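To start, the structure under review is shown below, and the notes come after it.
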Amino acid sequence: MNNSVKLVIAFVGKRKWYVAAIAIFVFIYYFLVSPAFSLLMIAKRLPESISPIKETLSGNISGLEISDDLQFLPLELDYFRENVLVKADKSISRLQIFSILPYIGSYITDLDTVSKTSLDLMDISIDLLSSVENLLPDLNLRGWGAADATYEKNVHFVDITTALTQKLPGYKKRLFDINKRLESVDPNKYPQDVNGLRVRDYIIDIKSFSSALITSYDSFVSVVGMIPNLAGETGARNYLVFLVNDKELRPSGGVAVAYGVFTVSGGNLTISKSGDVFVLDEKIAAYFPPASYVNKYTGAGSYLFRDAGYSADFKETARNIQSVWSSLPDYSNIDGVIFLDTHFIASLLEVVGDVEVEGFGSITADNVSEQLQKFFSVVGSRDAQDKQLKGNTSAVLFSIMTKMFSISTQERVELLAKVHEDLNQKHILLYFVDPEVQRVVEEFNLGATVRKHDGDYLYVSNANVGGTGVNLLIDQKVDKVVRYDNNALVSDVTAHYTYISDDPAASVFKNYLRFYVPNGSKLISATGNSG
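Just so you know, we're using UniProt numbering here: the sequence shown kicks off at 1 and counts up by one.
This is the structure:
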């Protein structure tokens, strides 16, 4: 009798152990193994899943060239949402049960944040595209040509931007919620670099972009509404563009060496005027006083376009250019002034590819700086051969601009990223006559204006006044050490200039250096300067 009882107890105890083991196995499988494996497979298939979207943007689906490429985009995005983002979010939601665990819990929470954010952004994208879906069959961004008489444009930018400006304000709250969600992600707990991917910087950039977008969202919507006007959809727009020699630096970028009046009208781009800035200077009949330091160190007795970049505030530079330009006998009305340097030209070539120009051959992102230096060396010359070289330089710029209007939509996205990067690094400086457009430019810090700032700050401005393009051969570094002395804030600022070339030209560097500091600051002492 007693033996039977013992056997029953043992059997029951063993059965409970089996049930517990099965329960644990099911729990681990359902909440850890299955979702982790699912996420791994989704990640593995991600390039394949994204491929249809990339093909749609490039206008090439399954090897077939299509003209109305964006018409398929809402369909592809919706498919990606359901088969990738939704499935990933379900798997991550299962993993959330482990978010209470120390250390790994916060990473799982961040993963859930990324998943929810991705879904929200995809929903906004699909909804936005659906709102202009009836216009997409007429939208072919691969077909723009520069002054191409054989191309019949069918892009209704006015209709599209009108639809967008009506729709975009409705996304503000959703984007605000996304930004609040992203604030919970701490980038400092992630490694700086993983297999070449700068993880921490990437997270910081996303959070910064989200915060900036929310802060300036209303202005962003205004910019969308301005696009037709700026692109010449509502009437021709003329932009005075200067190529500056960034190897001979000035506060607004460099000595101006070439110019062109680019006209945008109805989606077509033409150059109505172009040439050598040094020759253009000879047409200035009226007297305009030069900046005092330009007069003192270069000997220029009057204002010249070549020295137009004398001011650290590009708005001041551009307005002076506008005044002098309007005094020329054969001037044309301009709607904006743009400075760009060789770095920006190289950035464009990285996206649009090489261009072939007679007299130069193949112009690439790697050799464009060297090729343009040939032009810089003959500015002002009236020699027939030099004139041909300068004419070829205008052809280089126009060829690049022309190619920009004929690249695929995917390349346009890459181009916008490059332009955005160069705008932030001030390789492109913008000024617009329209006060509302200029206000937005300054709000987004795209105009290189000297901005008002409360508290301590330091703005360093260089002007190469030696007439030599030696900035290419010199490295500059500025150190600032702040200390308290007798209850006053004292800054010790040191500017270091290092010759990085054996070229004898680098030993002759005549530079006018200015420090912009808070109003009311006092100079205690200065050493190492002359003149």
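Just so you know, even glycine gets a beta-carbon here, dropped at the ideal spot from N, CA and C. Quantities reported herein were computed from a predicted structural model and do not represent experimental measurements.
Report back the beta-carbon spacing between residue i and residue j to the nearest angstrom; my notes put them in contact at under 8 Å.
| i | j | result |
| --- | --- | --- |
| S219 | I178 | Rounded, the Cβ-Cβ distance is 18 Å, inconsistent with contact. |
| S131 | A163 | 6 Å |
| T161 | V261 | Wrong, their Cβ atoms sit about 25 Å apart, outside the cutoff. |
| L249 | N464 | 5 Å |
| A308 | Y431 | That pair is no contact at about 11 Å. |
| D479 | T498 | Their Cβ separation, rounded to whole angstroms, is 13 Å, which puts D479 and T498 out of contact at 8 Å. |
| L75 | L243 | That pair is no contact at about 43 Å. |
| R94 | Y30 | 7 Å |
| P251 | S461 | 5 Å |
| L182 | T117 | 7 Å |
| L280 | Y259 | 6 Å |
| I92 | D112 | 5 Å |
| V277 | A256 | 5 Å |
| R174 | P187 | Actually they do not touch by this definition, with Cβ atoms about 23 Å apart. |
| A236 | T263 | 6 Å |
| I42 | K90 | Not a contact, Cβ separation roughly 11 Å. |
| V433 | G336 | 6 Å |
| N238 | I334 | 5 Å |
| Y457 | P518 | 6 Å |
Quick check on the burial criterion: 16 or more other C-beta atoms within 10 angstroms. Buried or exposed for residue i?
| i | result |
| --- | --- |
| V26 | exposed |
| residue 537 | Nothing in the structure corresponds to residue 537, since the chain is present only between 1 and 531. |
| F37 | exposed |
| V33 | exposed |
| V352 | buried |
| H453 | exposed |
| M401 | buried |
| Y18 | exposed |
| H427 | buried |
| T449 | buried |
| Q371 | buried |
| E411 | buried |
| A312 | buried |
| R451 | exposed |
| G63 | Note on G63: pLDDT 44, under 50, position unreliable in the model; the coordinate value appears next. Flag for G63 reads exposed. |
| R306 | buried |
| E82 | exposed |
| G361 | exposed |
| T527 | exposed |
| S521 | exposed |
Whose C-beta lies closer than 6 Å to the C-beta of residue i among residues of the same chain, with five residues either side of it excluded?
| i | result |
| --- | --- |
| Q373 | none |
| G143 | Only weak support exists for where G143 lies, its pLDDT of 35 falling under 50; the coordinates are left without a value. |
| K283 | L328 |
| W325 | Y331 |
| S347 | K418 and D422 |
| residue 547 | A question about residue 547 goes unanswered here, because the residues of the chain that appear run from 1 up to 531. |
| V241 | G260, F262 and I338 |
| A365 | A346, L349 and E350 |
| A291 | Y310 |
| N445 | none |
| R514 | S461 |
Using a Cβ-Cβ cutoff of less than 8 Å, which residues in the same chain neighbour residue i once the five nearest sequence positions on both sides are dropped?
| i | result |
| --- | --- |
| V490 | V482, R483, Y484 and I524 |
| L46 | V84 |
| S399 | V355, E356, V357 and I363 |
| I53 | L73, E76, L77 and F80 |
| I206 | L182 |
| K273 | Y259, G260, V261 and S332 |
Please return the same chain residues whose Cβ sits closer than 7 Å to the Cβ of residue i, not counting the five positions on each side in sequence.
| i | result |
| --- | --- |
| L128 | K167 |
| K477 | H496 |
| K315 | Y431, G447 and T449 |
| D120 | R174 and I178 |
| I104 | F98 |
| T165 | V221, V224 and G225 |
Give, in chain order, every unbroken run of the beta strand (DSSP E) that is at least 3 residues long and sits entirely within the segment 212 to 266.
237 to 245 and 255 to 265
Taking only runs of the beta strand (DSSP E) that begin and end inside the segment 323 to 354, which ones reach a length of at least 3 residues, in chain order?
336 to 340
Using 8 Å as the threshold, is the segment 342 to 350 in touch with the segment 437 to 444, meaning 3 or more CB pairs across them?
no
Unbroken beta strand (DSSP E) runs of length 3 or more, entirely within the segment 481 to 509: which are they?
488 to 499
In chain order, which alpha helix (DSSP H) runs of at least 4 residues are fully inside the segment 77 to 114?
86 to 95
Extract the residue ranges of the beta strand (DSSP E) inside the segment 394 to 428, only unbroken runs of 3 or more that lie entirely within it.
none
Give, in chain order, every unbroken run of the beta strand (DSSP E) that is at least 3 residues long and sits entirely within the segment 267 to 299.
268 to 276
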